[in-house]
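Colleague: Could you have a look at this structure, given as structure tokens, before my questions?
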Amino acid sequence: MKRIGVFTSGGDAPGMNACIRAVVRGACYHGIEVYGIRRGYSGMIAGDLYKMESHSVSNIVQRGGTILKSARSKEFMTPEGRKTAYENLQAAGIEGLVAIGGNGTFTGAMIFGNEYGIPTVGAPGTIDNDLYGTDYTIGFDTAVNTALDAIDRIRDTASSHDRIFFIEVMGRDSGYIAVQSGIAGGAELVMVPEVLTPISEVVETLKQGWSRSKSSSIIIVAEGDDEGSAQEVAEKIKGQVDENADIRVTTLGHTQRGGPPSAYDRILASRLGLGALEGLMGGQKNVMAGIINNELVYTPFEDTIRLPKPINEDLLRMVKILSV
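Quick note: the sequence shown, position 67, residue 67 per the numbering used here, numbers continuous.
Next comes the structure, spelled out in structure tokens:
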């Protein structure tokens, strides 16, 4: 393999730049030409490619976001769009791809690979940590720490004013950010999509806290929870705890996606970027590079996309025990 392409797609995640850097520097080390594809599949269709050298990725390991930009492409979902993308890659002499992204990115890569035979190896870049085939995804650790910083600050004001705070964190259909930031932030309850937490349990948890002289409480709500958003959950419990309860809602939103990646995410992204490149060199295709039990593994896109990644129930159990 003489020439490859690298791109980021879907939602941005802290550490994507460190992953790009590892792919480019690894390619230079192995004597392979590497082209950056701007704005994911949209750039592939538009032919927005440029040659990257070692200096192209200088001073980016600490930067959040992605220097290659990211976008979601409806056109790539069509046979015509994928045909145009293939023709542009062929014209550029690109023989393989490293795709940095999440579920949607790998779905597109799998379809594209099946249609045109261009080998692709993925690196899991998403703060949601919802991909089967890796213990952690690029950006997750940073997102947890960003959420935790906000939770700590809100805890101070909740305690000062005897308030109940409902804090909504990201994660789409995954409760990983909610659970880990909730444990680290000392939350009284965590609501996640994987486990139904009825409003009655929320009310009972708050009442029990009050009976133990707790004057403030923090409830973490994952954005995909079955009971709704943090605002909706707060509305449902109003009047059921105490009509005088001071209830506030904070939605952390996209702050969790930005900012410099943590040391863990920089190292993880570097391992996965190099692992994706060297997997491509070794003949891997239509697979995602992941880390399981601190070992590099390759999981077929089909499994990564199809199989659920269950949340650790021991972590949910910890929330209940430690909030007593």
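Ideal placement from N, C-alpha and C gives every residue a C-beta, glycine not left out.
Rounded to whole angstroms, how far is the Cβ of I138 from the Cβ of L272, which I believe are closer than 8 Å?
Modeller: Going by Cβ atoms, the distance from I138 to L272 rounds to 6 Å, so yes, they are a contact pair.
Colleague: Please go through the stretch 173-235 and give each complete alpha helix (DSSP H) segment of 4 or more residues, from N-terminal end onward.
Modeller: Qualifying alpha helix (DSSP H) stretches, in chain order: 176-184 and 199-211.
Colleague: DSSP on D314, reduced to helix/strand/coil?
Modeller: In the structure shown, D314 sits in a helix (DSSP, three-state: H, G or I).
Colleague: Buried or exposed for P198, going by 16 or more other Cβ atoms inside 10 Å?
Modeller: By the neighbour-count rule (16 or more Cβ atoms within 10 Å), P198 is not buried but exposed.
Colleague: Contact check, A71 vs R39 under 8 Å by CB: the rounded distance?
Modeller: Right, their Cβ atoms sit about 4 Å apart.
Colleague: Given this structure, state the Cα-to-Cα distance separating V324 from F106, to the nearest angstrom.
Modeller: Approximately 42 Å, taken between the alpha carbons.
Colleague: Take the Cβ of D265 as the centre, count every other Cβ of all protein chains shown within 10 Å, and call the residue buried at 16 or more, exposed below.
Modeller: With 16 or more other Cβ atoms within 10 Å, it is buried.
Colleague: Count the other CB atoms within 10 Å of the CB of L322; is the residue buried (16 or more) or exposed (fewer)?
Modeller: Classification of L322: exposed, given that the 10 Å Cβ count is below 16.
Colleague: If we count Cβ pairs, one from each stretch, closer than 8 Å, do we get three or more for the stretch 207-226 versus the stretch 163-176?
Modeller: Contact holds: three or more Cβ-Cβ distances are below 8 Å.
Colleague: Drop a sphere of 10 angstroms on the beta-carbon of G117, count the other beta-carbons inside from all chains shown, and report buried for 16 or more, exposed for fewer.
Modeller: Looking at its Cβ environment, which holds fewer than 16 other Cβ atoms inside 10 Å, G117 is exposed.
Colleague: Tell me which residues share the same chain as F112 and place their Cβ nearer than 6 Å to its Cβ, disregarding the 5 neighbours each side in the sequence.
Modeller: Excluding sequence neighbours, F112 sits near R82.
Colleague: From this set, T84, G175, M44 and Y50, which residue's C-alpha is nearest P308's C-alpha?
Modeller: Looking at the Cα atoms, G175 is the closest of the given residues.
Colleague: Based on Cα-Cα distance, which residue from A150, I237, I67 and A123 lies nearest to K285?
Modeller: Closest option to K285, Cα to Cα, is A123.
Colleague: Given that a residue counts as buried once 16 or more other Cβ atoms are within 10 Å of its Cβ, and exposed if not, what is L196?
Modeller: Exposed: under 16 other Cβ atoms inside 10 Å.
Colleague: Can you tell me which of A13, Y298, S9 and S58 puts its alpha carbon nearest to the alpha carbon of P261?
Modeller: For P261, the nearest C-alpha among the options comes from A13.
Colleague: Please list, in chain order, all residues of the same chain as L274 whose beta carbon is under 6 Å from its beta carbon, the five residues on each side excluded.
Modeller: For L274, where only same-chain residues beyond five positions count, the Cβ hits under 6 Å are A22 and G26.
Colleague: Three-state secondary structure (DSSP) at R346?
Modeller: Residue 346 lies beyond the range of the chain shown here (1 to 324); nothing can be said about it.
Colleague: Where does the unbroken beta strand (DSSP E) through F106 begin, and where does it stop?
Modeller: Taken as a continuous stretch (DSSP letters only), F106 belongs to no beta strand (DSSP E), being part of the alpha helix (DSSP H) at N103 to Y116.
Colleague: In the DSSP assignment, find the unbroken alpha helix (DSSP H) run with G258 in it and report its ends.
Modeller: Element bounds for G258: n/a, residue is neither H nor E.
Colleague: Would you mind listing the alpha helix (DSSP H) stretches within the stretch 32-100 that are 4+ residues and don't spill past its ends, in chain order?
Modeller: Segments of the alpha helix (DSSP H) lying fully in the stretch 32-100: 40-46 and 79-91.
Colleague: By alpha-carbon positions, which one of V6, A18 and M1 ends up nearest to S270?
Modeller: Cα-wise, what sits closest to S270 is A18.
Colleague: Mapping DSSP to helix, strand and coil, what is I305?
Modeller: Helix.
Colleague: I need the straight-line Cα distance from M52 to S200, nearest angstrom please.
Modeller: Answer to the nearest angstrom: the Cα atoms are 56 Å apart.
Colleague: Tell me the residue span of the beta strand (DSSP E) that contains L328.
Modeller: Nothing about residue 328 can be read from this structure; the chain reaches only from 1 to 324.
Colleague: Using a Cβ distance threshold of 8 Å, determine whether the stretch 200-212 contacts the stretch 249-259, with at least three qualifying pairs required.
Modeller: Verdict: no, contact absent.
Colleague: I'd like the span of the alpha helix (DSSP H) that includes V24, first residue to last.
Modeller: Looking at the DSSP string, the run of the alpha helix (DSSP H) that includes V24 is M16 to Y29.
Colleague: Suppose you measure from the CA of S9 to the CA of R155; what does that come to, to the nearest Å?
Modeller: So the two alpha carbons sit approximately 35 Å from each other.
Colleague: Looking only at its chain, what residues have a beta carbon closer than 6 Å to the beta carbon of G5, apart from the 5 residues adjacent to it on each side?
Modeller: Cβ neighbours of G5 beyond the five flanking positions: Y35, I37, I94 and L97.
Colleague: Should D226 be labelled buried (16 or more other beta-carbon atoms within 10 Å of its own) or exposed?
Modeller: Answer is exposed; the Cβ neighbour count stays below 16.
Colleague: Would you grab the beta carbon distance between Q240 and V190 for me? Rounded to a whole angstrom, and I think it's under 8 Å.
Modeller: 19 Å between Cβ atoms; not a contact.
Colleague: Quick check on I138: does DSSP put it in helix, strand or coil?
Modeller: DSSP places I138 in strand when its eight states are reduced to three.
Colleague: Taking only the alpha-carbon atoms, compute the straight-line gap between R3 and E33 and give it to the nearest angstrom.
Modeller: Cα to Cα, R3 sits roughly 5 Å from E33.
Colleague: Over the uninterrupted beta strand (DSSP E) stretch that includes P124, give me the two end residues.
Modeller: First-last of the beta strand (DSSP E) with P124: T120 to P124.
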